[in-house]
Amino acid sequence: MKKVVVIGNGMVGYKFCEKLREKATPSEIEITVFGEEHIPAYDRVHLSEYFAEKSADSLVMAGMDWYKANEIDLRIGELVTSIDRQAKIVRTMHGQEASYDILVIATGSSAMIPPIQGVDKSGVFVYRTIEDLENIISYGARIKKASVLGGGLLGLEAAKALIDMGLEADVIEFAPRLMPRQLDDQGAQMLSEKLQALGIGIHLSKSTSVIKGNGKIDALEFSDGSILETDMLVISCGIVPRDELGRKAGLEVGPRGGLVVNDQMQTSDPDIYAIGEVALHNNQIYGLVAPGYNMAEVVVNQLTGDGVSKFAGNDMSTKLKLIGIDVASFGDAFGERTACLPIIYENKSGGCYKRINISSDGKKLLGGILVGDTSDYNMLCQVMQNGMALPPQAEDLILGSRGGDSPGGAIADLPDEAQICSCENVAKGAIVNAVKEQGLEDLGQVRACTKAGTGCGACSPMVADIFNETLKSMGKTVRKVLCEHFDYTRQELFDLIKVNGVKEYDELLDRFGNGDGCETCKPAVASMFASIWNDLITKQEVIQDTNDKFLANIQKGGSYSVIPRVPGGEITPEKLVVLGQVAKKYDLYVKITGGQRIDLLGAGIEQLPAIWEELIEAGFESGHAYGKALRTVKSCVGSAWCRYGLHDSVSFAIEVENRYKGLRAPHKIKGAVSGCRRECAEAQSKDFGIIATEKGWNLYVCGNGGANPQHAKLLATDIDSESCIRYLDRFLMFYIKTAEPLNRTSTWLNKMEGGLDYLRDVVINDSLGIGKQLEEEMELMVNTYKCEWKEVVNDPVHRSKFRHFINSDMPDPSQKFGLLRGQKIPVTEQK
Amino acid sequence: MIDTLELYKTVEYSKVKIWFQAGHVENFPINGGACISYGSLQIAVYNFARRNEWYATQNLCPHKMQMILSRGMIGSEGETPKVACPYHKKTFSLKTGENLNGTECNLATYPVKVENGYVYVGFEE
Ligand code: SRM
Ligand SMILES: Cc1cc2nc3c(=O)[nH]c(=O)nc-3n(C[C@H](O)[C@H](O)[C@H](O)COP(=O)(O)OP(=O)(O)OC[C@H]3O[C@@H](n4cnc5c(N)ncnc54)[C@H](O)[C@@H]3O)c2cc1C
Ligand code: SF4
Ligand code: FES
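Residue numbers (my numbering), protein chains in the order written: chain A, 1456 to 2286; chain B, 125 to 249.
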């Protein structure tokens, strides 16, 4: 039995363990791992997600139980302090020892700290570990302005994170442009503009000389004498390999750091390997995961057999992971390694810059830069890496084919050897075979089976395309069944419920499903019942999400929010006063929502019926802020007041909102009406948007804000109010009947074969001949509408369910509140 | 709250010293959960009528320390009965308390019995 000791439990160290265990059992190779950090290896690439999640769980690559099950002795919180190469023993800070036959150093790197006066002041951080982020979060809570030193990939990611924390952020870069190693001047200029639009300040060609402040940072001074005030500094100036252990043990180290390795990843001591960011291969440190994973694989192959496997260097293509900002650079981005012909496309107003470098014989793609639109990135990398033939007009690669055949670079054209997932080194052929031979039926299975897309995730869209193409080639269509309990798509189940008149969840499960249901199918079925029968949602309370069960949104700490409907955003002073009185009486926090209404937060479950009783008394109705249902129809003041208004947008918004209030759907639905094309109601960001024209209304559909904003598309032009309502009836009902659960209208349209043209055919030209039926179905919904809260308030049995305990009248004693600017807020202690 | 978490310890059926009367069967929603107060503890009791089974767990979700599990939806994963926390949909086995879709720590579970129309939850103290 061989003893392998691994120093460092980071991404690469972990991957090494995983790959080694796939090939060697515990009785063949014993594995001991030392990790300095206090949790098992986590996904550093997605570190920035920690800001949103605030939990390490979702980042951890494998929990302690995985190491246990695989008989890997992982000792975390243990810094290795020395290697005794004679005795073949490593020792840790806490006096632990382990002897090895083979030692693998995977200690990664640390952030480079430039020698600037004052770097030791408080408020100065680096951006590498979860601990760093925790420190940034807690320090950031007390300040306003932060800066990032370094305008590279990581620095920009950090700057975006600071903005998301609600801070003002500035980026300081020594070079005359951002991302100097990946972008050329034009590309960097466009990126700067995009970041500035997000509110990030950009300072180029600045060399920082002093970090000023008394104990804690309060400003930066630059060599040109200028000063930038800032309360916090995040340093992101590059990385330094953590080669100190190897250096002390006499291993060969590169002039600028890094443990020198050969193609087998051996250091100058053949029994000691180095992998990941600490390894210097061919004078190159790789600061990316994919090369690190390949190195891990090479060492595993050395230890378990073939011994011939070699590390041949890696491509350094990268894509910036900032939501809303698309930047990528690949291959020879500057076209400086060989003679080449660049093709450049720039659209300043559209915010798009693309450059590709073509070999001088016009046959091969060598590299390029994409800013503003990276949808071609994966495909271009494939064309480059596989040396695929270029289309006759090479510019078609970035401009798309203008007439004629496809520009090449379609999934089907990729050779089987094409590497799709560089992190896990998975080729196209492996994915296709797995789908065909193992009969994989969803993407989750493809990921689990081939590991493709489980690393940095950049290849996920391509993996999905290959999966779908393969299924198609096998003559299968992709069926999105609801969950393990129903082998039907939502649309199929919708029809089954309707045709068979099913009104109870258990009946549906008995007749068409199996098992006992779950949190996926229960609310989906509840929503279908509501859309089909328009019964009160509370009748099916145990299959509803808690929000629908208690007709209010649950908040941190277990209290609920109350959002009454304010159609079109119009409210009388009398009603406004009532909201204030109710908020005062029940001590509720008050906030104007983004949907033009008022949110009263912090109600105990037992208070909800009394609060609503008072609101209903004053003429309010449920706002359905808790439901997958119509939310708001926003409006601008329109022609009644506005000097530009063409029609009365407020009246129309109120009419539309009242028509569709209470309508349940696969996801929430939002609308807006603007009185002219200045569009103050933001109608083009809604599921349906109506904009006044000289001659009538323009109707837009399938837009949304949120996580993946998308502009609504023009469905009909210059129509009168009646046609507008008719088209809306048809459009909404068609969506309700055919969309998958939790798909907004935009997602639904994106997946629709035939797209907008098809939708227009169905809704306006009635190509399916179902127009009348859709209108009648909608009419039924409108006529059977009831305010859910009114029903509850008037039903003593139902009211009695609004309590925390069933054996006591006490409110939840664990709920605690504090004060913020004079109003109450929940205090929750989280682990 | 971390301290609160430590108040909850799984009770084995054989170790029950006190059978606490939690309420009449009819007070518990069919195929749903309800919360009961027992000393300083909050226990979620589930009436899994579809399987003709009763379960009880701590009401506290270990993910973000929210007192909420009784308001979660119940269902099954394969053969295992489970509850899904309404906050972030972490799911836990009702039999063992084990977190089924993540690495949260286990829920404490408590024995339940039904006699003469009343529901009893078992405690050691
Ligand atoms: C209260 C409010 C924020 C505010 O204080 O302004 C809000 C609060 C929540 N939003 Fe929102 N959104 C609110 C306006 C918006 C808007 C703006 C708008 O409607 O004009 C948007 C972008 C527009 C859009 O939806 O396209 C918005 C996009 C989202 C999304 C992303 C949806 C998407 O398709 O990507 C979610 C997540 C989801 O629904 O899955 C979300 C989810 C939520 C949830 C339900 C998250 C949750 O599960 O707890 C929040 C409920 C808190 C609560 O209980 O009150 N909220 N949310 C706003 C309520 C408006 C209202 O009067 O009903
Ligand atoms: C914010 C951020 C975003 C990134 N984004 C991307 C990206 O989009 N794409 C990409 O390819 N790469 C990205 N990277 C880089 C990627 O995370 C690294 O390339 C990868 O983590 C390197 O893995 P590693 O195992 O070599 O080092 P690490 O993950 O740093 O692991 C080394 C581990 O060893 C431990 N250690 C060090 N010395 C000792 C010792 N003496 N004893 C015990 N333990 C020790 C360290 O504490 C650390 O836990 C990003 C990095 C960061 C910080
Ligand atoms: S209100 Fe909306 S944007 Fe704000 S934190 Fe909640 S979900 Fe996010
Ligand atoms: S609090 Fe229960 S899943 Fe997050």
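We put the CB at the ideal spot given by N, CA and C, even for glycine.
Local conformation of residue i per DSSP, three classes
{"i": "A/Y1943", "result": "coil"}
{"i": "A/P1746", "result": "helix"}
{"i": "A/T1909", "result": "coil"}
{"i": "A/G2093", "result": "helix"}
{"i": "A/Q1719", "result": "coil"}
{"i": "A/K1599", "result": "coil"}
{"i": "A/T1536", "result": "strand"}
{"i": "B/M197", "result": "strand"}
{"i": "A/G1701", "result": "helix"}
{"i": "A/C1836", "result": "helix"}
{"i": "A/I1568", "result": "coil"}
{"i": "A/S1814", "result": "strand"}
{"i": "B/E257", "result": "Lying before the first or after the last residue shown, residue 257 of chain B is absent from chain B, which here runs from 125 to 249."}
{"i": "A/Q2010", "result": "coil"}
{"i": "A/M1634", "result": "coil"}
{"i": "A/G2144", "result": "strand"}
{"i": "A/D1520", "result": "helix"}
{"i": "A/K2123", "result": "coil"}
{"i": "A/I1886", "result": "helix"}
{"i": "A/A1979", "result": "helix"}
{"i": "A/G2158", "result": "coil"}
{"i": "A/G1899", "result": "helix"}
{"i": "B/K188", "result": "coil"}
{"i": "A/N1738", "result": "coil"}
{"i": "A/F1506", "result": "helix"}
{"i": "A/D1871", "result": "coil"}
Straight-line gap, residue i to residue j (C-alpha atoms, nearest Å)
{"i": "B/A173", "j": "B/T128", "result": "30 Å"}
{"i": "A/D2221", "j": "A/L2204", "result": "17 Å"}
{"i": "B/V243", "j": "B/K237", "result": "6 Å"}
{"i": "A/V1733", "j": "A/R1810", "result": "33 Å"}
{"i": "A/I2110", "j": "A/E2177", "result": "Looking at the sequence shown, residue 2110 of chain A is not Ile but Glu. Near 11 Å, if we compare the C-alpha coordinates of A/E2177 and A/E2110."}
{"i": "A/D1860", "j": "A/A1919", "result": "Here A/D1860 scores only 41 on pLDDT, less than 50, and its place in the model should not be relied on; the value that follows carries that caveat. Going from the Cα of A/D1860 to the Cα of A/A1919 covers about 23 Å."}
{"i": "A/I2071", "j": "A/T1909", "result": "51 Å"}
{"i": "A/Q2051", "j": "A/A2058", "result": "21 Å"}
{"i": "A/Y1505", "j": "A/L2187", "result": "37 Å"}
{"i": "B/Y137", "j": "B/S194", "result": "21 Å"}
{"i": "A/G2191", "j": "A/S2129", "result": "First, the residue type needs correcting, since residue 2191 of chain A is Ile and not Gly in the sequence shown. In a straight line, the C-alpha of A/I2191 is about 25 Å away from that of A/S2129."}
{"i": "A/G1968", "j": "A/T2001", "result": "23 Å"}
{"i": "B/M125", "j": "B/M189", "result": "Residue placement at B/M125 cannot be trusted, given a pLDDT of 48 that sits under 50; the coordinates are not used to answer."}
{"i": "A/G2144", "j": "A/V2021", "result": "18 Å"}
{"i": "B/P235", "j": "B/L131", "result": "16 Å"}
{"i": "B/N176", "j": "B/G163", "result": "28 Å"}
Bridge partner(s) assigned by DSSP for residue i
{"i": "A/F2189", "result": "DSSP lists no partner for A/F2189."}
{"i": "A/E2195", "result": "Paired residues: none, contrary to the question."}
{"i": "A/E1658", "result": "Per the sequence shown, residue 1658 of chain A should be read as His rather than Glu. A/I1627."}
{"i": "A/P2019", "result": "A/S2077"}
{"i": "B/S161", "result": "B/Q166"}
CA nearest to the CA of residue i, picked from the options
{"i": "A/Q1995", "options": "B/V149, B/E130 and B/P153", "result": "B/P153"}
{"i": "B/S217", "options": "B/N183, B/T204, B/E228 and B/P210", "result": "B/T204"}
{"i": "A/S1928", "options": "A/G1693, A/F1949 and A/N1888", "result": "A/N1888"}
{"i": "A/D2042", "options": "A/S2014, A/R2020, A/I2026 and A/P2022", "result": "A/S2014"}
{"i": "A/F1922", "options": "A/Y1748, A/Q1900, A/A1788 and A/N1756", "result": "A/Q1900"}
{"i": "A/V2237", "options": "A/K2116, A/C2179, A/L2229 and A/L2170", "result": "A/K2116"}
{"i": "A/E2243", "options": "A/R2119, A/T1536 and A/L1617", "result": "A/R2119"}
{"i": "A/G1670", "options": "A/D1587, A/L1653 and A/V1579", "result": "A/V1579"}
{"i": "A/A1613", "options": "A/Q2036, A/S1513, A/M1687 and A/K1953", "result": "A/M1687"}
- Item | Any heavy atom of ligand 4 nearer than 6 Å to the CB - residues listed | Matched residues: B/C185, B/H187, B/K188, B/Q190, B/C209, B/Y211, B/H212 and B/K214.
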